[in-house]
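To convert, count from 1 in the sequence shown and add 2; that's our numbering. Worksheet for the structure shown next.
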Amino acid sequence: MTSTRSAEIRCQTFGPIQVHYDGRVLTPRPWTVLQSHWAAELAARSSPGPILELCAGAGQIGLAAAVLSGRDLVQVEADPVAAEYAWHNAAAAGHGAQVQVRSAPMQHALAAGERFPLVVADPPYLSTADIARWPEDPVTAIDGGADGLDLTRVCLRLADTHLTPAGVLLLQVAGEVQARAVVALLATPGGPALRHVETRQHDAERAVMLLARSTVSAR
3 MTSTRSAEIR CQTFGPIQVH YDGRVLTPRP WTVLQSHWAA ELAARSSPGP ILELCAGAGQ
63 IGLAAAVLSG RDLVQVEADP VAAEYAWHNA AAAGHGAQVQ VRSAPMQHAL AAGERFPLVV
123 ADPPYLSTAD IARWPEDPVT AIDGGADGLD LTRVCLRLAD THLTPAGVLL LQVAGEVQAR
183 AVVALLATPG GPALRHVETR QHDAERAVML LARSTVSAR
């Protein structure tokens, strides 16, 4: 993020909550509330435990799911400005006592023994060559590396490590083409022990994948 971005606070309705943010943080995309509702549906039939949100940004996707489902929530966000907004938004929604925000790179934010029945992730998924299409967005919030999957790979590894045996991951991707690339990653020998269950596509460039454990593990 750069210091030239506006710090004027904005507010947006996002499902059951109000989201506060400014120009230093990725603007909430209204369509992503679909991921929140899907997560709440899954949480209603999941085993006990908090939802884990990776790449939380201002926290709206995981927070809306937690409010809808009444679940506790652990949010991980590397950018301290976005993490501060996640704290604020949880408190403003009356859910602050049930939300823990960890401002750290996601590779270092979780303890070895932590397990979650549901992981929600919206990693930066644009290829570096594509980020110029979105000049108003903070680069770190949208740049997914040369193939757009750098942070997605991290999310997959962390879900593999930190899901409960019957846990699931809801992962945002850049449409059906990137969804197929994720399926290919899962088929790679030694890759995450996850399997594709379903993809819900919003449009050609936006989709959410449901991934589950491919085997029952004693983790």
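Even for Gly, the Cβ is constructed at its ideal location relative to N, Cα and C.
* **Sheet register partners of T15 (DSSP bridge)** => Within the sequence shown, numbered from 1, the residue matching residue 15 stands at position 13. Paired residues: Q20.
* Asked: Going by C-alpha distance, which of G59, N91, C157, A106 is nearest L187?
  -> On the sequence shown, position 185 is the one that residue 187 refers to. With distances taken between Cα atoms, L187 lies closest to C157.
* **The beta strand (DSSP E) enclosing D205, as first and last residue numbers** => As a first step, residue 205 must be located in the sequence shown, where it is residue number 203. Run containing D205: 196 to 205, per the beta strand (DSSP E) assignment.
* **Spatial neighbours of A206 in its chain, beta-carbon cut-off 6 Å, leaving aside the 5 residues before and after** => By one-based count along the sequence shown, residue 206 stands at place 204. Closer than 6 Å at Cβ, skipping near neighbours: G177.
* To do: Measure the beta-carbon distance from V121 to G169 and round it to whole angstroms, keeping in mind my assumption that it falls under 8 Å.
  => Looking up residue 121 in the sequence shown gives position 119. Looking up residue 169 in the sequence shown gives position 167. The pair is a contact, with the Cβ atoms about 7 Å apart (cut-off 8 Å).
* To do: Under the assumption that A58 contacts V78 (Cβ atoms under 8 Å), give the Cβ distance between them as a whole number of angstroms.
  => On the sequence shown, position 56 is the one that residue 58 refers to. On the sequence shown, position 76 is the one that residue 78 refers to. That pair is a contact at about 6 Å.
* Asked: What is the rounded straight-line gap between the Cα of A195 and the Cα of G61?
  -> In the sequence shown, counting from the first residue as 1, residue 195 sits at position 193. In the sequence shown, counting from the first residue as 1, residue 61 sits at position 59. Looking at the two C-alpha atoms, the distance is approximately 27 Å.
* What's the C-alpha gap between R182 and R12? -> Taking the sequence shown and counting its residues from 1, one reaches residue 182 at position 180. Taking the sequence shown and counting its residues from 1, one reaches residue 12 at position 10. Computed Cα separation, rounded: 36 Å.
* To do: Taking 8 Å as the cut-off, decide whether the C-beta atoms of H204 and L44 are in contact.
  => Against the sequence shown, residue 204 aligns to sequence position 202. Against the sequence shown, residue 44 aligns to sequence position 42. No, Cβ-Cβ distance for H204 and L44 is not below 8 Å.
* **Proximity below 8 Å, CB of L165 to CB of F118** => Working through the sequence shown from its first residue, we reach residue 165 at position 163. Working through the sequence shown from its first residue, we reach residue 118 at position 116. Result yes, Cβ atoms of L165 and F118 sit closer than 8 Å.
* Asked: CB A161 to CB L171, shorter than 8 Å?
  -> If you number the sequence shown from 1, residue 161 lands on position 159. If you number the sequence shown from 1, residue 171 lands on position 169. Yes, Cβ-Cβ distance for A161 and L171 is below 8 Å.
* From T4 to P140, what does the alpha carbon distance come to, in whole angstroms? -> Within the sequence shown, residue 4 is the residue found at index 2, counting from 1. Within the sequence shown, residue 140 is the residue found at index 138, counting from 1. In this predicted model, T4 has a pLDDT of only 38, less than 50, meaning its place in the structure is not dependable; the value taken from the coordinates is given anyway. Distance between the alpha carbons of T4 and P140 is about 8 Å.
* Rounded to the nearest angstrom, how far is the Cβ of A214 from that of R197, given a contact under 8 Å? -> In the sequence shown, the residue the question calls residue 214 occupies position 212. In the sequence shown, the residue the question calls residue 197 occupies position 195. A214 to R197, Cβ: 6 Å. Contact.
* So I53 is in the beta strand (DSSP E); what residue range does that whole segment cover? -> For this step, residue 53 is matched to residue 51 along the sequence shown. Where I53 is concerned, the enclosing beta strand (DSSP E) stretches over 53 to 56.
* Between the beta-carbon of T15 and the beta-carbon of Y23, is there less than 8 Å? -> Residue mapping note: residue 15 aligns to position 13 of the sequence shown, counting from 1. Residue mapping note: residue 23 aligns to position 21 of the sequence shown, counting from 1. Contact flag unset, no.
* Report the rounded CA-to-CA distance for E116 versus P32, giving the unit in angstroms. => Position 114 of the sequence shown, counted from the first residue, corresponds to residue 116. Position 30 of the sequence shown, counted from the first residue, corresponds to residue 32. Taking the straight line joining both Cα atoms gives about 31 Å.
* Taking all protein chains shown into account, do 16 or more other C-beta atoms lie within 10 angstroms of the C-beta of M211, making it buried, or fewer, making it exposed? -> Position 209 of the sequence shown, counted from the first residue, corresponds to residue 211. The residue in question, M211, is buried, as its Cβ has 16 or more Cβ neighbours within 10 Å.
* **C-beta contact flag for D132 and T34 at 8 Å** => The residue given as residue 132 occupies position 130 in the sequence shown. The residue given as residue 34 occupies position 32 in the sequence shown. Cβ atoms of D132 and T34: not closer than 8 Å.
* Asked: Which one of I19, G17, R47, I63 has the shortest CA to CA distance from L173?
  -> Counting from one through the sequence shown, the residue named residue 173 turns up at place 171. That would be I63, whose Cα lies nearest to the Cα of L173.
* Asked: So which of A41, G193, Y127, A9 has the shortest CA-CA distance to G150?
  -> Residue mapping note: residue 150 aligns to position 148 of the sequence shown, counting from 1. Looking at the Cα atoms, Y127 is the closest of the given residues.
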